[in-house]
Amino acid sequence: MFKNYLQIAWRNLIADRLYSSINILGLAVGLASCLLLFIFIEDETSFDEHWPAAERTYLVQTTYFTTGAEAQTFDVAPGPLKQVLLDYFPDQLESATRMNRQWPIVKTRNDIYEEPLYFADPNTIDILQFDTLAGDLQSTINDNAAIALSEQLAIKYFGNTDAIGEIITIESWGIVKDFRVGAVYANVAHNTNIEGLTALIKIVEEDYLETQPWLFTNWGGGNNMTLITLKPGANIGDINERMEQLVKDKVIVPEFVQETYAQPEDWIAFEAIPLDEMYINQPGRKTNIAIFSGIALVILLIASINFTNLSVARSTRRAKEVALRKVMGASRQQLILQFLGETIFITVIALVLALMLVELALPFYSEFLERDLVFDYLGVNTLAMIGLVLTVGILGGVYPALVLSAFRPARVLKANKSAETSGSLMLRNLLVIAQFSISIALIVCAMVMFAQRQHAMNLEVGYDKDHIVILHGVGREPVAQQSRQKLLREQVLDLPGMKAATYINMFPAMATNWQLGLSFNREDGSQFSETISFRNVDEGFLDTFNAKVITGRYFDLNISSDVRPDFQLLHQNPETRQINTMVNEQAVAHFGFASNEDILGQVLEYRWGDMTIFATVIGVISDINYRTVRESIRPEVYIFVDYGGIGFLAVRFEDAPQRAEQTLLRYWQEQVPELPFVRTYVSEVIERDFQSEQKQALLLAIASSLAVIVSCLGLFGLASFTAERRFKEIGIRKVMGASVLDIVKLLTWQFSKPVLLASFIGCAGAAMLMLSWLQIFPYRISELWVLGSCLTASLLALLIAWLTVGGKATKVAQATPIKALRYE
Amino acid sequence: MIRLNNLSRVYQSNDIETTALDQVSLNIEQGEFVAIMGPSGCGKSTLLNILGMLDSPSSGEYHFLDQEISGFSERQLSAIRKHNIGFIFQSFNLVDELSVQENIELALLYHDIPAQERRQRVLQVMDKVGIGHRANHMPGQLSGGQQQRVAVARAVVGDQAMILADEPTGNLDSAHGQEVMEMLQQLNKEGTTIVMVTHSPAHADYASRTVNLFDGKVVTESVKAA
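Residue numbers (our numbering), protein chains in the order written: chain A, 42 to 865; chain B, 162 to 387.
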């Protein structure tokens, strides 16, 4: 019997080649898309799960409390904490390590680089896992003068992985040392929070004792990623509960904050969080996963609808077979099993095709997402595939199975025709409506996301974003000194095509924010107290960023109170804590002043570590969107600095970027040969800022295109089926004088109705979703854009539906009518 | 009205050639009632389809209202057909999804006639064939005789000059068959040219001329004495 079922299933597949191909291809595309999105989601949720004791590994976060400002939490901790933890929790901790990321200048035989590297404790290689390709990693990480390179960095520096014994000179925090390459390890998988594990050097605390003790040996600093591994059975909750006591018992409040924080627990707190949950808990990640899971499900749903729809359509032609089987004694259960078995059989074929598509698409997909993605055929994926086959197969087969198996054989055999029922017709229409509603909604979402991204990227930020380049490395020796920085700026301004230059500590167009606690007494006696963004500026700030002084005056280097004194001087001499300051227009309104003039002369109190600086407002600067355009312009205060130690130089140029870069490169190579020339364009930063949206929008566009393709495949199948079903009617109409165009219009209109209804449903849903999504952007496209996208998507869907159905309808309409009328 | 000169129709399927009509020459005058008879497979229906421009001859001439139409395009043929020819089929060929009224209206739908006038003419013709009381019924709810009446109504609603009937009584019992034949006779008396394919000598008797076909050829023609 089973053989007979299989034979019939196979012959039906072959006999109805068109339907079979549409059915299998549509389902395969849907399954492949779903699997690809599943691979991405699996990757997103797999961060840091591959380490040897991942489930017992935690990262210690540090929270600093600041009077008058919000507490801030960081993923790094002070240097002494590691040992304190090991001593404090000897029964619970198996091991602990520190990883200190630095951006040193790296000199190889041939070149010079600015490169992020990890200085780490030796047991890092026990907690994390590295595959050694050459040399001995264990001895290297225990060697004060050795470095382990990743395959990627070895190739970058030496052209191949055969780098053992090569010497690299590293200059970091003013310490210059030579390191011998002792090991090369395979590139670390991308799915880790520990960014850029490209090189490892042993932490040698003694090297920094004199000059940078805060790095590893006292509590003043906090830039060591601190990982702990628990002993099996130990409870992280217990450890976290005792952290406050640890702070009380062990932490020594550094001198520079002792005035403000008498007790360490008022200043600092620690908490260990699971390393493998860090990534997924970052803001937006879970939403992202929800979005992509949603898209995957939607595509699968569309493919399943397609499959069901075509199965229902096709099954009505098998009424006679069912009736005969019943006459021969088949039970209803047997028939249900037969039809379900057939749809599962087709699903398996589609899955095999889908897996081939996945393998073909994976290299491009990985490149697009900048990840090394692989599809693991074992484990959870096998279960997922079996689940997919059963779900889709049963979904697609259950309705036809139930309806067909319930036919009364005598009626079907007597009628000797297809068993199209009004129920199956209505179900098919409903499914087409559902399919197109989803497809249209996806198109609208993709269009709105693209438009918003374009809008944000082209937004007027207030400065010439296409003509500002940022030079790195100016905060390093030998240019970090005040006089040298001043000279460098002057020399750059003398270069042809350079219009303005200013030293900055933060890149424009990035969310990074420096804040200070600000307070002052209002006229009515109440106090304003808040954390406010601040920016260090110099002489070149206004010119470089096209900012204007609206009220009052700009800072003047010749007025001593305009210039913020050196940090040490401020600390040593309280009298120097009276300075001048400026604010932007937003700040004037935010602080509650009626006009720009009203704020002039107002004394603001800035909290700076344990000091209070008294800053008198001397002027108001026009608002510019210096930070990311994701956020509206914030209130800001400006502090004037007179060069020295600032990290970046922003240069505004008038030429084409390539020409300006050449000029700057030549200058740099002549004047600062000790440092690599590293530059970033502001336009690049803005583009990078929107990269994730861009990719999301693109992925959504691809997903919606696939959804539309699959829907249209289904529509084509249905159009073919309908044309066949209405063959006699078409013949009659032609005999009555209907032209080819009349018939095409008749059939296309039949399919236009559900698509029009779907447009309404899809657009309404997507518009609501997108209008609420747009609210997160302070600068967003107008609502009319959403309306426009809805109209475009609807027209597009209708057009595609017409093209899909029109072709088939024309073919049928051109057929000679007697064929239809001869046989009944 | 119709003049066929050496008209042939050859069907080709794979390597087999079947001659359905072989050098047929035939004239049909306006107002005639012609019955075409012959055994199964002799080419009766093929001849009727060619007369109705639903099929094209392989060779020979076909003059319709003094126009040689064998080289006409589908669009031209469709235009001639819809203004001049009505069809009645053995199996009625009604659209199952349309009501009686809508099925009859179908014949006027492609004539650029205003809806109001269409309805008017449909009502008139329904009364004429006695099916007015079933106007809103679906074909599936009617008896065979009633269905064929609807088909007749559809064939005449456009005031066509000629009706081609392919075994119009083949699916009916004798009483209903007679009813339909009387209807056709009445239409012929009113001036409509009728060409009918039939197996029944009794029904052929209603015609003024009988053409006998055998193996695609006209073998005899007999004219009924007035």
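For each residue, glycine too, the CB sits at the ideal point set by N, CA and C.
Interface residues of chain A facing residue i [CB-CB closer than 8 Å]
i	result
Ala268/B	Met777, Gly778
Nearest to residue i (by Cα), restricted to the options the options
i	options	result
Ser383/B	Arg170/B, Val171/B, Ala196/B, Arg164/B	Ala196/B
Phe477/A	Ile841/A, Asp152/A, Ile65/A	Ile841/A
Ile674/A	Ile659/A, Val713/A, Glu626/A	Glu626/A
Leu483/A	Ala838/A, Pro858/A, Glu83/A	Ala838/A
Ile244/A	Pro121/A, Lys197/A, Asn276/A, Thr173/A	Pro121/A
Phe596/A	His612/A, Leu611/A, Asp579/A, Lys589/A	Asp579/A
Glu258/B	Leu598/A, Thr103/A, Lys769/A	Lys769/A
Leu127/A	Lys272/A, Cys831/A, Ile182/A, Gln855/A	Lys272/A
Ile620/A	Ala337/A, Phe199/A, Leu611/A, Ser602/A	Ser602/A
Ala442/A	Gly660/A, Leu381/A, Leu466/A	Leu381/A
Gln143/A	Asp167/A, Glu192/A, Ala240/A	Ala240/A
Gly593/A	Glu571/A, Asn577/A, Leu641/A, Leu611/A	Leu641/A
Glu318/A	Trp255/A, Asp248/A, Asn232/A, Ile280/A	Asn232/A
Asp227/B	Ile163/B, Arg310/B, Leu238/B, Leu255/B	Ile163/B
Asn637/A	Asp248/A, Val658/A, Thr653/A	Val658/A
Leu208/B	Leu168/B, Lys243/B, Ile230/B, Gln237/B	Leu168/B
Ile169/A	Asp116/A, Leu238/A, Ile153/A	Note that residue 169/A corresponds to Leu in the displayed sequence, not to Ile. The candidate whose alpha carbon is nearest that of Leu169/A is Leu238/A.
Glu501/A	Met539/A, Tyr667/A, Ser213/A	Tyr667/A
Val444/A	Ile509/A, Val389/A, Leu376/A	Leu376/A
Gly199/B	Ala240/B, Tyr172/B, Pro300/B, His360/B	His360/B
Ala339/A	Ala521/A, Ser136/A, Gly71/A	Here the sequence assigns Val to residue 339/A, which means Ala is not the residue at that position. Of the listed residues, the one whose Cα sits closest to Val339/A is Gly71/A.
Tyr172/B	Asn188/B, Val379/B, Leu187/B, Ser217/B	Ser217/B
Gly538/A	Val644/A, Gln699/A, Phe88/A, Pro676/A	Gln699/A
CB-CB length for residue i against residue j, believed under 8 Å
i	j	result
Tyr544/A	Ile687/A	4 Å
Phe655/A	Arg618/A	6 Å
Thr301/A	Thr98/A	35 Å between Cβ atoms; not a contact.
Pro119/A	Trp308/A	11 Å between Cβ atoms; not a contact.
Leu269/B	Arg282/B	6 Å
Asp162/A	Thr138/A	4 Å
Asn350/A	Arg494/A	With 8 Å as the limit, Asn350/A and Arg494/A do not qualify as a contact, their Cβ atoms being about 35 Å apart.
Under 9 Å from the C-beta of residue i: neighbouring residues of chain A
i	result
Ser239/B	Lys775, Gly778, Ala779, Ser780, Val781
Contacts that residue i makes with chain B (C-beta to C-beta distance below 9 Å)
i	result
Glu765/A	Per Cβ cutoff of 9 Å: no residues; Glu765/A is ~15 Å from chain B at best.
Three-way DSSP call (helix, strand, coil) for residue i in this model
i	result
Lys378/B	strand
Phe233/B	coil
Asn245/B	helix
Lys849/A	helix
Asn185/A	coil
Ala181/B	strand
Met353/A	Met is not the amino acid found at residue 353/A; the sequence shown has Val there. Three-state DSSP puts Val353/A in a helix.
Asp172/A	coil
Leu559/A	strand
Glu571/A	strand
Phe587/A	Going by the sequence as given, residue 587/A is Asn instead of Phe. Note: Asn587/A maps to coil in three-state DSSP.
Asn457/A	The predicted position of Asn457/A is uncertain, since its pLDDT is 46 and thus under 50; a value taken from the coordinates is nonetheless stated next. Coil.
Ile274/B	coil
Trp709/A	helix
Gln379/A	helix
Pro329/B	coil
Met214/B	coil
Partners in chain B for residue i, counting only beta-carbon separations shorter than 7 Å
i	result
Thr789/A	Neighbours of Thr789/A on chain B: none; closest Cβ ~17 Å, over 7 Å.
Lys852/A	In chain order: nothing, as chain B lies at least about 14 Å away.
Beta-carbon neighbours of residue i, restricted to chain B and to distances below 8 Å
i	result
Lys769/A	Asn254, Val256
Residues that residue i contacts on chain A, provided the C-beta gap is smaller than 7 Å
i	result
Arg236/B	Ser780
Inset, instruction - Using a Cβ-Cβ cut-off of less than 9 Å, list which residues of the region 272-294 of chain B approach chain A; keep chain order. - result: Against chain A - using a Cβ distance shorter than 9 Å - the residues of the region 272-294 of chain B are His272.
Inset, instruction - With 7 Å as the limit, tell me which residues of the region 240-256 of chain B have their beta carbon closer than that to any beta carbon of chain A; keep them in chain order. - result: The region 240-256 of chain B vs chain A, Cβ under 7 Å: Arg242, Lys243, Phe248, Phe250, Ser252, Asn254, Val256.
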